[in-house]
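Visitor:
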Amino acid sequence: MRASTGTRAAVLGAGSWGTTFAKVLADAGCTVLLHARRPELAHEIGETRENAEYLPGIRLPDRLRATADAAEALADAEIVVLAVPSQSLRDNLTEWAPLLPADAVLLSLMKGIELGSTKRMSQVIREVTGAGPDRVAALSGPNLAREIAEEQPAATVVACTDHDRAAQVQAACHTPYFRPYTNQDLVGCELGGAVKNVIALACGITEGMGFGDNTRASLITRGLAETARLGAALGAEPTTFAGLAGLGDLVATCSSPLSRNRTFGERLGRGMSVEEVQRSTRQVAEGVKSCRSVLDLARAHGVDMPLTEAVVRVCHDGVPVTQMVKEIMSREAKPE
Ligand SMILES: NC(=O)C1=CN([C@@H]2O[C@H](COP(=O)(O)OP(=O)(O)OC[C@H]3O[C@@H](n4cnc5c(N)ncnc54)[C@H](O)[C@@H]3O)[C@@H](O)[C@H]2O)C=CC1
Ligand SMILES: O=C(CO)COP(=O)(O)O
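Heads up, the sequence shown is in the numbering used here, so the first residue is 565 and it goes up one at a time.
1. Go to Arg572, then tell me how far its beta strand (DSSP E) extends in each direction, as first and last residue.
2. Which two residues bound the contiguous alpha helix (DSSP H) that contains Arg729?
3. Let me know if His599 comes out buried or exposed under the rule of 16 or more other beta-carbons within 10 Å of its beta-carbon.
4. Are the CB atoms of Leu679 and Lys853 nearer to each other than 9 Å?
5. Could you tell me whether any non-hydrogen atom of ligand 2 is closer than 8 Å to the CB of Glu636?
6. In the DSSP assignment, find the beta strand (DSSP E) that holds Ser704 and state where it starts and stops.
7. Mind the definition here: the region 788–801 touches the region 691–703 only if three or more C-beta pairs lie below 8 Å; say whether that holds.
8. How long is the line joining the alpha carbons of Asp813 and Ala897, rounded to whole angstroms?
9. First and last residue of the beta strand (DSSP E) that includes Ala723?
10. Is Asn747 helix, strand or coil when you go by DSSP?
11. Can you have a look at Glu642 and say buried or exposed, based on whether 16 or more other CB atoms are within 10 angstroms of its CB?
12. Could you tell me if Gln887 is buried or exposed, where buried requires 16 or more neighbouring beta carbons within 10 angstroms of its beta carbon?
13. Taking just the CA atoms, how far does Ser894 sit from Arg602?
14. In the DSSP assignment, the alpha helix (DSSP H) including Val885 goes from what residue to what residue?
15. Which same chain residues end up closer than 6 Å to Gln734 when comparing Cβ atoms and leaving out the 5 residues on each side of it in sequence?
16. Please list the terminal residues of the continuous alpha helix (DSSP H) segment that includes His880.
17. What's the call for Thr804, buried or exposed, on a 16-neighbour Cβ count within 10 Å?
18. So, at 8 Å on beta carbons, what are the nonlocal neighbours of Ala730 in its own chain, with the 5 sequence-adjacent residues on each side left out?
19. Kindly list the residues whose CB is nearer than 6 Å to the CB of Thr584, restricted to its own chain and excluding five residues on each side of it in sequence; keep chain order.
20. From this set, Gly752, Ile677, Gly756 and Pro884, which residue's C-alpha is nearest Val838's C-alpha?
21. Give the straight-line distance between the Cα atoms of Pro821 and Val867, rounded to the nearest whole angstrom.
22. Enumerate in chain order the residues of its own chain whose CB-to-CB distance from Met836 is below 8 Å, with the five nearest sequence positions on each side excluded.
23. Bridge partners for Val596 per DSSP, in chain order?
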């Protein structure tokens, strides 16, 4: 493990993953400023060393400070971590862009595709900030926030087209419980993270309907197949989808009761409406919106994504979950 003591990091977004990753960076030796939108949350973290709303019971390290002042968070940062909901990134970043240090790495933790533009988060970051590809990275893998916050061992991928930058971020977040690998396939890693949320919704739906492990394994496997098809059309490396940002994250999210996407789907499967489920949670379940942008992206590239389409039909077209299952199962028979 390379020591990274002294690296200055800013984490923008104090939700469950932003706060957890800020802890990881601090545990790896970085000096971390965590930016919360609400001054009262920043104050509470400072006073209690806990983000009780998102991570109750987790003590945050002393090397981590919280602030509601973005300029203070970003001053002199060498690594700027973006951890807000994907659909609000463009607006948030437009506000922060003038404050970004010129050479800082911009690291996306987000797993979504922008509605309308169908852009990946790294593309939004480059467009808003003008940063070159060597400064923009993404972190993705089987990383349910609560488990990482409890220091349960896990691995992840730091993706950047520039290997040296990926290695810089890798060193900055490597701890005894968090093991980052590098990968230069940014496209594949970002797609893996965004599409697995959509497949986790499908898994949750069938779970809520009372179906078991065969159904889930079938969805995971066919979900991976359609993710890889989209990746091939967009120039991703096929091997990425067999890795942590592909299969690894897909399996974790589709299987875990901690996943917000899977839980959202489970509630739909039990009969709640999309609006009812949305009202029942404060945290972001990215797949609910990103299913539409993923499908738009697939159609623009002539890629068939039947599971993503099924999730769109339930989440946005009001199709009942029983009908969704019938539609998937009655598709034309074909070779695997
Ligand atoms: N929670 C997890 O286990 C993991 C989450 N991720 C990804 O990280 C990203 C952030 O997720 P979380 O921190 O879990 O989300 P969250 O819902 O727990 O927190 C979102 C944070 O963004 C802030 N925010 C800023 N602008 C906002 C706006 N306009 N609307 C709503 N919130 C706004 C909120 O105040 C909050 O601090 C997502 O893309 C998610 O898919 C990735 C890996 C693990
Ligand atoms: O991305 C995640 C795990 O890697 C978290 O998934 P959820 O957003 O569904 O909780």
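Don't be surprised by glycine CBs; every beta carbon is placed ideally from N, CA and C.
Guide: Let's see:
1. Per DSSP, Arg572 is one residue of the beta strand (DSSP E) stretching across Arg572 to Leu576.
2. His727 to Ala736 is the span of the alpha helix (DSSP H), which, as asked, contains Arg729.
3. With a 10 Å radius around the Cβ and a threshold of 16 neighbouring Cβ atoms, His599 comes out buried.
4. Taking 9 Å as the Cβ cut-off, Leu679 and Lys853 qualify as a contacting pair.
5. Using a cutoff of 8 Å, the CB of Glu636 does not count as near ligand 2, since none of the ligand's heavy atoms is closer than that.
6. Annotation: the continuous beta strand (DSSP E) that includes Ser704 extends over Val700 to Ser704.
7. Touching, no.
8. In a straight line, the C-alpha of Asp813 is about 28 Å away from that of Ala897.
9. Element bounds for Ala723: Ala718 to Ala723.
10. In this structure, Asn747 counts as strand in the three-state DSSP scheme.
11. Glu642 is buried by the Cβ-count criterion.
12. Label assigned to Gln887: exposed.
13. Rounded to whole angstroms, the gap between the alpha carbons of Arg602 and Ser894 is 49 Å.
14. From DSSP, the alpha helix (DSSP H) with Val885 extends over Val885 to Met893.
15. Hits under 6 Å: Val722, Pro744 and Thr746.
16. Bounds of the alpha helix (DSSP H) holding His880 are Pro870 to His880.
17. The residue is buried, with at least 16 neighbouring Cβ atoms inside 10 Å.
18. Ala701, Val722, Ala723, Cys724, Thr746, Asn747 and Gln748.
19. So the qualifying residues of the chain are Ala709, Ile712 and Ala713.
20. Of the candidates Gly752, Ile677, Gly756 and Pro884, the residue whose Cα lies closest to the Cα of Val838 is Pro884.
21. Answer to the nearest angstrom: the Cα atoms are 30 Å apart.
22. Cβ within range, chain order: Ser844.
23. Looking at the DSSP assignment, Val596 forms a beta bridge with Ala573 and Leu628.
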